[in-house]
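Okay, so here's the structure we're looking at.
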Amino acid sequence: MNYRRVKIALIFLLSVMVNSAVLAQKQVELKRAESLYGGVDENGENFNSPVGNVVFEQNETTIYCDSAIFYENTNAIRAFGNVKITDGDSVTITSKRLFYDGNTKKAELRENVVFIKLKQLTLYTEFLDYYRNEQEARYFNGGKLVDSVNVLTSEKGYYQVNTNMASFKTNVVGTNPDYTLESDTLQYNTKTDVVFFRDKTKLTDTDGSIFNYDEGQYDTRIKRSDLASGEIESKSYIMTGDKLYLDDIKKYYTAIGNVEMISKEQDVIITGDSSFYDKKKGMAKVYGNALMKKIMQFDTLYLTADTLVAIENDDPAKERLLAYHDVKIFKPDLQGICDSLSYINVDSIIYFYDDPVLWNGENQMTADSINVLIANNTIDRLNMRVNSFVISEDSIKNFNQVKGRNMVAFFNSGEIKKVDVDGNGESLFFALDDTDTYLVGMNKIICSNITINFLMNKADNISFYVKPDASFIPPHELKKEDTRMKGFQWRKEEKPSLEEMLLGKRHAKIDDEEKKLENLPVKTPDDLGTRLQGEGMKLDLLPGDVKEQKN
């Protein structure tokens, strides 16, 4: 036996079988029709024209229509009337017209096209191309995708059957019961119900809050977002950050990196490293290099602290800004430090707590508590309560001093004009010659109530009321202990500068806890938000009660 001939014969037979199988896979077959006509078109191509309940098959694809033109030689179909394609057991497409190329397995469907992916979505359009090999449907000139959660429309888009990923391009609009979104480009996984933002996207929820996204993703089932960058706008604030984590069920939003909050009503900008916004409680918290800038009539008020908290409320009297730990403020005409602070919007009053010190020019002011009234976007009045003490340094380094139970300082155009002392008043003032370079003596006066008038931020004259006890001590009789009243502390070295607040206090290092937060998995934004929130906060705080409270 010639084994070489047998081998060749087997190879030939196998080749024929393979080619026949490939041909069978490629060839469209007419399976059914009520009538069948034949003819030749204007290009001289032969065709068959089945009419009535027409059915074609090619592998797992079945085509139904009322009538068709079938080019058997080129393996192509033109179908008309009640066109339907089924691809496997999951995809069904209907339309009025169809052109199908059996070689490339591309279907072009026109007019009233409805694409259905079983149990996932329905796509409506007038123009749809379906690529069977790639398992991809593409539409143009407008389309609408509907599933159990969302309705998404755009001018162009495509859907990948195998990956369940729908992509939308140009004038994208999405709606569901919770929000409306607008974008130029986004993607949507119809199996997981996750939206992927690929371009600037605006989302507006039912209560009017606006979210602007640059890129990221949003799980429409659990209503949580993980965004690379974006913006949140509430009724009172606009918040931006490098990374945003949003939980729309809890109404809890977290921002990390280059956080900025802008008040839409108070001319206030707050920046920091991290922030969260609890919409249900109406509270926003910024921490890590926290800085506030408030635009005023003639200049800007700067405030830094470890933590800044903004509280919004339907009652304007309960809206406020709170600052905690290592608080510093700076205006050209006022600087100050304290441990905690509150700013009441409706009254335009800043309250300073826990060892507050304020400076106006060369005047240092201290008390157990201090509050400043802002009027017409500038300082109007400064109230000092309990153990009030004002110190100013003269041209030859003497310290003029006034102390009392309570004091009120009055300002005009940012300059201190008058200080009223109410109760237990004491004063030490050093008299200088006309050149302000030679000490003449020291006036020591004890009087219940005192009024000090200022000129160019310096004490000019003093009035005493209710039986003043006065004495004048010449320079040669002065002892050092006589030149300092009880409680005297000159704290000029603590006076903040704008450079220190903007640069020196803005640490470059990131807290270890924040490093951990940066590495949290995307799937747990709720855990991230919980850890970021830290200690709880009372929301019904009033002046004098601004300390953080643990839950």
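When you line the sequence shown up against this note's numbering, it's residues -13 to 537, in that order. Glycine included, C-beta positions come from ideal geometry on N, C-alpha and C.
Practice item. Return the first residue and the last residue of the beta strand (DSSP E) that Q44 is part of. Key: On the sequence shown, position 58 is the one that residue 44 refers to. Note, Q44: beta strand (DSSP E), N32 to Q44.
Exercise for review: Please report the Cβ distance between I365 and G400, rounded to the nearest whole angstrom; I am assuming they are in contact, meaning their Cβ atoms lie under 8 Å.
Suggested key: Numbered from 1 along the sequence shown, position 379 holds the residue referred to as residue 365. Numbered from 1 along the sequence shown, position 414 holds the residue referred to as residue 400. Indeed, because the Cβ distance is near 6 Å, the residues count as touching under 8 Å.
**Study point:** Within the region 74 to 161, ranges of the alpha helix (DSSP H) (whole runs, at least 4 residues)
**Key:** none
Review point. Is it the case that the Cβ atoms of S222 and K250 are separated by a distance below 8 Å?
Key: On the sequence shown, position 236 is the one that residue 222 refers to. On the sequence shown, position 264 is the one that residue 250 refers to. Their beta carbons are under 8 Å apart, which means S222 touches K250 by this criterion.
Exercise for review: Indicate, with yes or no, if the ligand ZN has a heavy atom lying under 7 Å from the CB of V405.
Suggested key: This structure simply doesn't include the ligand ZN, nor any ligand for that matter.
**Study point:** Residues of its chain near L287, where Cβ-Cβ distance is below 6 Å and the 5 sequence neighbours each way are ignored
**Key:** In the sequence shown, the residue the question calls residue 287 occupies position 301. K280 and K317.
Review point. Which first and last residues belong to the beta strand (DSSP E) in which Y238 is found?
Key: Position 252 of the sequence shown, counted from the start, is the residue given in the question as residue 238. Y238 -> beta strand (DSSP E) spans Y238 to S249.
Review point. Residue range of the beta strand (DSSP E) that W476 falls in?
Key: Locating residue 476 in the sequence shown gives position 490, where the first residue counts as 1. That residue, W476, is in no beta strand (DSSP E); it is neither H nor E in DSSP.
Review point. Mind checking whether D164 and T192 have CB atoms under 8 Å apart?
Key: In the sequence shown, counting from the first residue as 1, residue 164 sits at position 178. In the sequence shown, counting from the first residue as 1, residue 192 sits at position 206. For D164 and T192, yes; Cβs fall inside 8 Å.
Point to revise | Strand pairing of T554, partner residues [DSSP] | key: Beyond the ends of the chain as shown, which are -13 and 537, falls residue 554; an answer cannot be given.
Point to revise | Completely contained beta strand (DSSP E) runs for the region 385 to 447, where each covers 3 or more residues | key: 385 to 398, 401 to 408, 412 to 418, 425 to 432 and 435 to 441
**Study point:** Buried or exposed (CB count within 10 angstroms, at least 16 for buried), N98
**Key:** Working through the sequence shown from its first residue, we reach residue 98 at position 112. Exposed, since its Cβ has fewer than 16 Cβ neighbours within 10 Å.
Check your understanding: Going by C-alpha distance, which of K472, V358 and A361 is nearest L414?
Key -> Taking the first residue of the sequence shown as position 1, residue 414 is located at position 428. Taking only the C-alpha atoms, the option nearest L414 is K472.
Review point. Alpha carbon to alpha carbon, what distance is there between V181 and S140?
Key: Taking the first residue of the sequence shown as 1, we reach residue 140 at position 154. Taking the first residue of the sequence shown as 1, we reach residue 181 at position 195. In a straight line, the C-alpha of S140 is about 14 Å away from that of V181.
Practice item. Reducing DSSP to helix, strand and coil, say where A54 ends up. Key: As a working mapping, residue 54 is identified with position 68 in the sequence shown. Reduced to three states, the DSSP call for A54 is strand.
**Study point:** C-beta atoms of A445 and N429 nearer than 8 Å
**Key:** Numbered from 1 along the sequence shown, position 459 holds the residue referred to as residue 445. Numbered from 1 along the sequence shown, position 443 holds the residue referred to as residue 429. No, the pair does not count as a contact, with Cβ atoms beyond the cut-off.
Exercise for review: Please report how far the alpha carbon of G38 lies from the alpha carbon of F197, in whole angstroms.
Suggested key: By 1-based counting over the sequence shown, the position of residue 38 is 52. By 1-based counting over the sequence shown, the position of residue 197 is 211. C-alpha separation (whole angstroms): 54 Å.
Exercise for review: Would you mind stating whether N150 and K177 have Cβ atoms separated by less than 8 Å?
Suggested key: Stepping through the sequence shown from its first residue, residue 150 is reached at position 164. Stepping through the sequence shown from its first residue, residue 177 is reached at position 191. Yes, the pair counts as a contact, with Cβ atoms nearer than the cut-off.
Exercise for review: Please report how far the alpha carbon of D421 lies from the alpha carbon of S381, in whole angstroms.
Suggested key: Taking the sequence shown and counting its residues from 1, the one referred to as residue 421 is at position 435. Taking the sequence shown and counting its residues from 1, the one referred to as residue 381 is at position 395. Sequence inspection shows Thr at residue 421; the Asp mentioned does not correspond to that position. Cα to Cα, the separation comes out at about 10 Å.
Exercise for review: Could you say if the region 341 to 351 and the region 297 to 306 meet the contact criterion of at least three C-beta pairs nearer than 8 Å?
Suggested key: no
Check your understanding: G322 lies in the beta strand (DSSP E); which residues open and close that run?
Key -> For the purposes of this step, residue 322 is taken as residue 336 along the sequence shown, with counting starting at 1. Taken as a continuous stretch (DSSP letters only), the beta strand (DSSP E) holding G322 covers L320 to I330.
Practice item. Work out the CA separation of F262 and K271 for me, nearest whole Å. Key: Residue numbering aside, residue 271 sits at position 285 when the sequence shown is read from its first letter. Residue numbering aside, residue 262 sits at position 276 when the sequence shown is read from its first letter. One C-alpha to the other measures close to 5 Å.
Check your understanding: Can you give the beta carbon distance from W476 to I377, rounded, assuming they're within the 8 Å contact cut?
Key -> Counted from its first residue, the sequence shown places residue 476 at position 490. Counted from its first residue, the sequence shown places residue 377 at position 391. Yes, W476 and I377 are in contact; Cβ-Cβ is about 6 Å, under 8 Å.
Review point. Using CA coordinates, which residue listed in N384, I360 and A353 is at the minimum distance from R371?
Key: Position 385 of the sequence shown holds residue 371. With distances taken between Cα atoms, R371 lies closest to A353.
Practice item. Go to F458, then tell me how far its beta strand (DSSP E) extends in each direction, as first and last residue. Key: Counted from its first residue, the sequence shown places residue 458 at position 472. Residues D455 to I459.
Check your understanding: Taking just the CA atoms, how far does R96 sit from I49?
Key -> Within the sequence shown, the letter at position 63 stands for residue 49. Within the sequence shown, the letter at position 110 stands for residue 96. Distance between the alpha carbons of I49 and R96: 15 Å.
Review point. With burial defined as no fewer than 16 other Cβ atoms inside 10 Å of the residue's Cβ, what is the status of T423: buried or exposed?
Key: Here residue 423 refers to the residue found at position 437 when the sequence shown is read from its first residue. It counts as exposed.
Review point. Just checking, does the region 85 to 96 make contact with the region 107 to 121 on the three C-beta pairs under 8 Å criterion?
Key: yes
Exercise for review: Return the chain-ordered list of same chain residues with a C-beta closer than 6 Å to the C-beta of N410, the five sequence neighbours on each side being excluded.
Suggested key: Reading the sequence shown from its first residue, position 424 is the one you call residue 410. If we look at N410 and ignore the five residues flanking it on each side, its Cβ neighbours are G390 and R391.
**Study point:** D233, DSSP secondary structure in three states
**Key:** The residue given as residue 233 occupies position 247 in the sequence shown. The answer is strand: DSSP assigns D233 an E or B state.
Check your understanding: Helix, strand or coil: which one does DSSP assign to M282?
Key -> The residue given as residue 282 occupies position 296 in the sequence shown. Note: M282 maps to coil in three-state DSSP.
Check your understanding: Going by C-alpha distance, which of D419, F440 and V452 is nearest I431?
Key -> Taking the sequence shown and counting its residues from 1, one reaches residue 431 at position 445. Closest option to I431, Cα to Cα, is V452.
Point to revise | Residue range of the beta strand (DSSP E) that includes A214 | key: Locating residue 214 in the sequence shown gives position 228, where the first residue counts as 1. Unbroken beta strand (DSSP E) run through A214: R210 to E219.
Review point. How about I248 and I224: are their beta carbons less than 8 Å apart?
Key: Position 262 of the sequence shown holds residue 248. Position 238 of the sequence shown holds residue 224. Against a cut-off of 8 Å, the Cβ pair of I224 and I248 comes out as a contact.
Practice item. Can you say whether Y144 is buried or exposed, counting buried as having 16 or more other CB atoms within 10 angstroms of its CB? Key: Translated into the one-based positions of the sequence shown, residue 144 becomes position 158. Label assigned to Y144: buried.
Review point. In whole angstroms, what is the alpha-carbon distance linking Q44 and V14?
Key: Looking up residue 44 in the sequence shown gives position 58. Looking up residue 14 in the sequence shown gives position 28. Cα-Cα distance, rounded: 5 Å.
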